[in-house]
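These notes are about the structure you will find just below.
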Amino acid sequence: MGGTCSNSGQRSALLPIITMDGRGVEKEQFFKIRIEFLVATPMNRESQLAGYGLSDEAIAGALKPLPSQGETVVDMLIQRKDVNESSLLEAMGTRLGLPFWSDLPTEKNGVGFTKNFSIQYLRRHKMVPLETPDGRFVAVNDPSNFQPVDDILHILGWKDARIVLSTQTAILSAINNAYNQGTDSAEEFIQDMSDEESPDSIISEIEETADLLDDTSSAPIIKLMNLTLSRAVKDRASDIHIEPYQSSLVIRYRIDGVLYNALKLPKKIQSALLSRVKVMAKLNIAEKRLPQDGRIDIKIGDKAIDIRVSVIPTAFGERIVLRLLDKTGVILKLPDLGIDEERFNLFSDLIQSPHGIILVTGPTGSGKTTTLYAALSTIKSPEINIITIEDPIEYRMEGIGQIQVNPKIDLTFAKGLRSIVRQDPDVILVGEIRDRETSEIAIQSSLTGHLVFSTLHTNDAASAITRIIDMGVEPFLISSSVVAIIAQRLVRVLCPVCREAYTPDDKSLTKTGIDKTLLEGHTFYRKRGCPSCMNTGYRGRAAIFEMMVLNDHLKKLILKTSDSNQILKEAVRSGMLTLLQDGSRKVLEGITTIEEVFRVTRM
Numbered sequence: 000m001g002g003t004c005s006n007s008g009q010r011s012a013l014l015p016i017i018t019m020d021g022r023g024v025e026k027e028q029f030f031k032i033r034i035e036f037l038v039a040t041p042m043n044r045e046s047q048l049a050g051y052g053l054s055d056e057a058i059a060g061a062l063k064p065l066p067s068q069g070e071t072v073v074d075m076l077i078q079r080k081d082v083n084e085s086s087l088l089e090a091m092g093t094r095l096g097l098p099f100w101s102d103l104p105t106e107k108n109g110v111g112f113t114k115n116f117s118i119q120y121l122r123r124h125k126m127v128p129l130e131t132p133d134g135r136f137v138a139v140n141d142p143s144n145f146q147p148v149d150d151i152l153h154i155l156g157w158k159d160a161r162i163v164l165s166t167q168t169a170i171l172s173a174i175n176n177a178y179n180q181g182t183d184s185a186e187e188f189i190q191d192m193s194d195e196e197s198p199d200s201i202i203s204e205i206e207e208t209a210d211l212l213d214d215t216s217s218a219p220i221i222k223l224m225n226l227t228l229s230r231a232v233k234d235r236a237s238d239i240h241i242e243p244y245q246s247s248l249v250i251r252y253r254i255d256g257v258l259y260n261a262l263k264l265p266k267k268i269q270s271a272l273l274s275r276v277k278v279m280a281k282l283n284i285a286e287k288r289l290p291q292d293g294r295i296d297i298k299i300g301d302k303a304i305d306i307r308v309s310v311i312p313t314a315f316g317e318r319i320v321l322r323l324l325d326k327t328g329v330i331l332k333l334p335d336l337g338i339d340e341e342r343f344n345l346f347s348d349l350i351q352s353p354h355g356i357i358l359v360t361g362p363t364g365s366g367k368t369t370t371l372y373a374a375l376s377t378i379k380s381p382e383i384n385i386i387t388i389e390d391p392i393e394y395r396m397e398g399i400g401q402i403q404v405n406p407k408i409d410l411t412f413a414k415g416l417r418s419i420v421r422q423d424p425d426v427i428l429v430g431e432i433r434d435r436e437t438s439e440i441a442i443q444s445s446l447t448g449h450l451v452f453s454t455l456h457t458n459d460a461a462s463a464i465t466r467i468i469d470m471g472v473e474p475f476l477i478s479s480s481v482v483a484i485i486a487q488r489l490v491r492v493l494c495p496v497c498r499e500a501y502t503p504d505d506k507s508l509t510k511t512g513i514d515k516t517l518l519e520g521h522t523f524y525r526k527r528g529c530p531s532c533m534n535t536g537y538r539g540r541a542a543i544f545e546m547m548v549l550n551d552h553l554k555k556l557i558l559k560t561s562d563s564n565q566i567l568k569e570a571v572r573s574g575m576l577t578l579l580q581d582g583s584r585k586v587l588e589g590i591t592t593i594e595e596v597f598r599v600t601r602m
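Right, here's the structure in full:
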């Protein structure tokens, strides 16, 4: 087991118990020496044992042969509950001159070592390297397990590292945190995964709502899925795409509205990984021919995450998309939306209307619900009864009634809306107008003294009129009930760390409608890329809007035609700023780039 070695300086902290004049010791003898060294003292033996929290029975048990390979004396003592783990480690630290750390500095710890060791290796030996501003350390749970410590120090080239003792929980949490931050940890999991990994062994482990960073389960697939979820949350991803292809399985994250490749996995783990997701979402793992929808509730650190799961069959297997919703997220206020002062005042007046419909339009993921909840948080008061019906409930808000659509029991938007009207509401939020029945009930509600907020999937504000008429709603009902239509998009915000100033070409300026004379008073920026923004050049998103208020001219035009082009021209003549024009303002303010505005407005 032991003997002198060339890197004796690295072992100096452990020399009092791991060597005897350079001669090796047998395993059982070694543990006996260690325990006897722990309790041997000129002081009264019984009082010393009491001070360490060790009983005679515990010592006798520790001197017995170990019951299973790989188990240590510390493991056996703790499992038998002969002694408290912290008390035992403090006692060891006192006798061996090693500090005991109940907590490890995981937040400021370097994670470069994750490229040198598999997570299984460190977990098996219950030790973790710590590179902190205060120096280099190796935290161990059992100081007798010295060989892996030597290996770690040798591989990392650390000659000045110190040994510290810590609990198993603290060490495992530090390992989890490091591999969560490490860039190559998922690949490490794949390399360590055996060819015999059975999906049956994975789907038997039903997961409860728990902190994924503290999950020390040994199944590689479970750890891979936990890592995928925790890294997505850390990278601010809104969606995770798990896409099967002919010879591989690709995982992509949607960050700030754009998809990025995260992992390319071997085809052989596809079945196991998809089964794991289905188990977490409580879906039918045997059904592979039909689409399925489910939900997962998880906790990562201090974040409670609600995940919507969509599974569809494709030619090369089932494809899964996970939509991540942070339930602990703060609801934005109107000033946080980034609306200019003039239109902010206009929007504030609109949401104070006693009745009518206010529609927010845009594609999926453009922030429509966030805008509506910002409006609700502004007008919410004890004097107003607010009820919402949504699919799903994306934000939890105190003081309002929220209804979850449930198609399985035939609770649709239309049926829920009928019931809401009988609850004496002042303000109603309908998650989405999808059909004629829902739109007609919403219009009837607005005409009978209710203020109705809802969303619609159209390209711009003018197209919303065409869409509603196409559903079968009479134009005179639209002109009588709709107060305003707000179209919005989300543009990525330039990274403040690495953005660089430049002079745009004439073609770009012409496309955005920006006059050359404005170049003198404003600075244009373009993206570069740095570690702070994951080399994308952007970090975070901001909204751009167009607000079409239905004045008398527009109402008369709607009665004559449903042509969105004519409606758009009339709205612009009435003073409406288009999405492109509002995006150009954001460019002039140095918030985003010309290319980003083009991307979301499709101009």
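Quick note on numbering that gives the first Met the number 0: the sequence shown kicks off at 0 and runs consecutively.
Backbone N, C-alpha and C fix where the C-beta goes; we use that ideal spot for every residue, glycine too.
Nearest residue (CA-CA) to residue i, options the options
i       : options                            : result
Arg-488 : Pro-265, Leu-578, Arg-235          : Leu-578
Ala-614 : Ile-467, Asp-469, Ser-462          : Residue 614 lies beyond the stretch modelled for the chain, which goes from 0 to 602, so this question has no answer here.
Val-163 : Asp-348, Asp-141, Ile-590, Ile-154 : Asp-141
Asn-458 : Gly-471, Phe-475, Ile-485, Gly-96  : Ile-485
Ile-330 : Ile-392, Asn-550, Pro-474          : Ile-392
Gly-520 : Arg-538, Glu-588, Ala-303, Ala-542 : Glu-588
Gln-146 : Arg-135, Phe-136, Met-126          : Met-126
Ser-629 : Arg-251, Ser-376, Asn-550, Thr-502 : Nothing can be reported for residue 629: it is not among the residues displayed for the chain, which extend from 0 to 602.
Pro-132 : Val-586, Pro-104, Glu-499          : Pro-104
Lys-266 : Val-359, Val-249, Ile-557          : Val-249
Lys-568 : Thr-411, Trp-100, Leu-558, Met-547 : Met-547
Glu-130 : Lys-555, Lys-367, Ala-173          : Ala-173
Ile-254 : Gln-269, Ser-237, Ile-268, Ala-261 : Ser-237
Val-490 : Asp-434, Gln-291, Gly-539, Ile-477 : Gly-539
Leu-264 : Ser-246, Leu-155, Thr-465          : Ser-246
Ile-513 : Ile-566, Arg-584, Val-482, Thr-465 : Arg-584
Phe-112 : Gln-403, Ile-295, Gly-156, Leu-226 : Gly-156
Val-492 : Thr-509, Ile-477, Tyr-537          : Tyr-537
Met-396 : Val-139, Val-472, Thr-377          : Thr-377
Leu-97  : Val-139, Val-482, Ile-306          : Val-139
Phe-523 : Pro-530, Tyr-178, Ala-500, Leu-289 : Ala-500
Gly-448 : Val-404, Ile-467, Pro-353          : Pro-353
Residues of its chain near residue i, where Cβ-Cβ distance is below 6 Å and the 5 sequence neighbours each way are ignored
i       : result
Phe-597 : none
Ile-319 : Ile-241, Val-276, Val-310
Val-451 : Ile-356, Ile-427, Ala-441, Ser-444, Ser-445
Thr-454 : Val-359, Lys-367, Glu-431
Leu-121 : Val-127, Ile-174
Ile-654 : The structure shown does not extend to residue 654, since the chain is modelled only from 0 through 602, so no value can be given for it.
Sequence-distant residues of its chain with Cβ nearer than 7 Å to residue i (five each side left out)
i       : result
Ser-480 : Gly-355, Ile-356, Ile-442, Ser-445, Leu-446
Ala-436 : This sequence places Glu at residue 436; Ala is not what is there. Only Ala-413 meet the Cβ criterion.
Asp-102 : Ala-169
Leu-336 : Thr-370, Ala-373, Ala-542
Ile-593 : Pro-503, Ser-507, Thr-511, Val-586
Gly-293 : Ala-280, Lys-281, Leu-282, Val-308
Gln-291 : Leu-282, Asn-283, Val-310
Thr-600 : Arg-488, Leu-578, Leu-579, Gly-582
Gly-364 : Ser-237, Gly-256
Close-in-space but distant-in-sequence residues of the same chain around residue i (CB under 8 Å, 5 per side omitted)
i       : result
Glu-317 : Pro-243, Leu-273, Lys-287, Val-310, Ile-311
Ala-314 : none
Asp-469 : Ser-561
Asn-564 : Ala-461
Pro-406 : none
Identified DSSP bridge partners for residue i
i       : result
Lys-263 : Val-249
Lys-302 : Ile-299
Glu-389 : Gln-403
Lys-128 : For the sequence presented, residue 128 should be read as Pro rather than Lys. DSSP lists Val-137 as partners of Pro-128.
Pro-243 : Leu-248
Val-320 : His-240, Ser-309
Thr-363 : Partner(s): none; Thr-363 has no beta bridge.
Gly-92  : Bridge partners of Gly-92: none, in fact.
Ile-356 : Val-451, Val-481
Val-163 : Ala-138
*Ignoring anything shorter than 3 residues or poking outside the stretch 423 to 472, list the beta strand (DSSP E) runs there in chain order.*
Those beta strand (DSSP E) runs which fall completely within the stretch 423 to 472 and span 3+ residues are 426 to 429, 450 to 455.
*asked:* Quick test of the definition: if touching needs 3 or more C-beta pairs under 8 Å, does the stretch 364 to 384 touch the stretch 423 to 437?
replied: yes
*Could you pull out every unbroken alpha helix (DSSP H) segment of at least 4 residues lying fully inside the stretch 525 to 601, listed in chain order?*
551 to 559, 563 to 572, 578 to 587, 593 to 600
*Three-pair Cβ contact test at 8 Å for the stretch 378 to 389 versus the stretch 405 to 425*: yes
*Between the stretch 110 to 124 and the stretch 79 to 99, do at least 3 Cβ pairs fall closer than 8 Å?*
no
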